[in-house]
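Trainee:
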Amino acid sequence: MKKTVNVSQTYPRLTVYSEENYRGRSRIYRGNTGLRNLDNILDGVESLRFFSTSSNATLVVFTRPNFQGGFRVFRGNTNLRDLDDLIRGNDVESLISTNQRLTLAQIRAIRRDRSLPSGYNLV
Numbered sequence: 007m008k009k010t011v012n013v014s015q016t017y018p019r020l021t022v023y024s025e026e027n028y029r030g031r032s033r034i035y036r037g038n039t040g041l042r043n044l045d046n047i048l049d050g051v052e053s054l055r056f057f058s059t060s061s062n063a064t065l066v067v068f069t070r071p072n073f074q075g076g077f078r079v080f081r082g083n084t085n086l087r088d089l090d091d092l093i094r095g096n097d098v099e100s101l102i103s104t105n106q107r108l109t110l111a112q113i114r115a116i117r118r119d120r121s122l123p124s125g126y127n128l129v
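Throughout the sequence shown, residue numbering follows my numbering, covering 7 to 129 in sequence.
Set out below in structure tokens:
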């Protein structure tokens, strides 16, 4: 008797690490996700890998918790080996990971309202 195995993979896949260069403890997040304070995850996130099968996938990193401060946008698959001093000399404190192509206007609205669009997981 054959067993049927169903595998469900949700993209994007964001893997965060407690140390630089993808070392230390790690945690994986799947789907559209907002991490509002990286200091509260793994005692601080120091590096990350962002993977999606969609060319529209967007990773937005912010200099302050709760999607505040300056930000930087990455499109498509992205590996960041060191989150220190990444945005004009500032560390990354929060981020958004999504399969959608977020526009600058949408990102600014998220920053202004301090809330994610519906359908996002908030961590």
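We put the beta carbon where it would ideally sit given N, CA and C, even for glycine.
Computed from a predicted model, the values in this text were never measured in an experiment.
Between which two residues does the beta strand (DSSP E) holding leucine 110 run?
Mentor: Run containing leucine 110: none in the beta strand (DSSP E); it sits in the alpha helix (DSSP H), 110-119.
Trainee: List the whole-angstrom C-beta distance separating asparagine 83 from phenylalanine 56, where the pair is believed to meet the contact cut-off of C-beta under 8 Å.
Mentor: 6 Å
Trainee: What would DSSP say about asparagine 46, mapped onto helix, strand or coil?
Mentor: helix
Trainee: Taking the beta carbon of threonine 109 as the centre, do at least 16 other beta carbons fall within 10 Å, making it buried, or is it exposed?
Mentor: exposed
Trainee: Let me check one thing: in DSSP terms, what residues is threonine 104 bridge-paired to?
Mentor: Thr64
Trainee: DSSP puts valine 129 in a beta bridge; with which residues?
Mentor: Answer by DSSP bridge pairing: none, since valine 129 is not bridged.
Trainee: With three or more beta-carbon pairs closer than 8 Å as the criterion, would you say the stretch 26-33 touches the stretch 63-76?
Mentor: Flag = no, the stretch 26-33 and the stretch 63-76 do not touch.
Trainee: So the beta strand (DSSP E) arginine 36 belongs to, where does it begin and stop?
Mentor: 29-36
Trainee: Tell me, please, which residues DSSP counts as bridged to threonine 39.
Mentor: Ser103, Asn127
Trainee: Do you know offhand how far proline 18's Cα is from asparagine 96's?
Mentor: 25 Å
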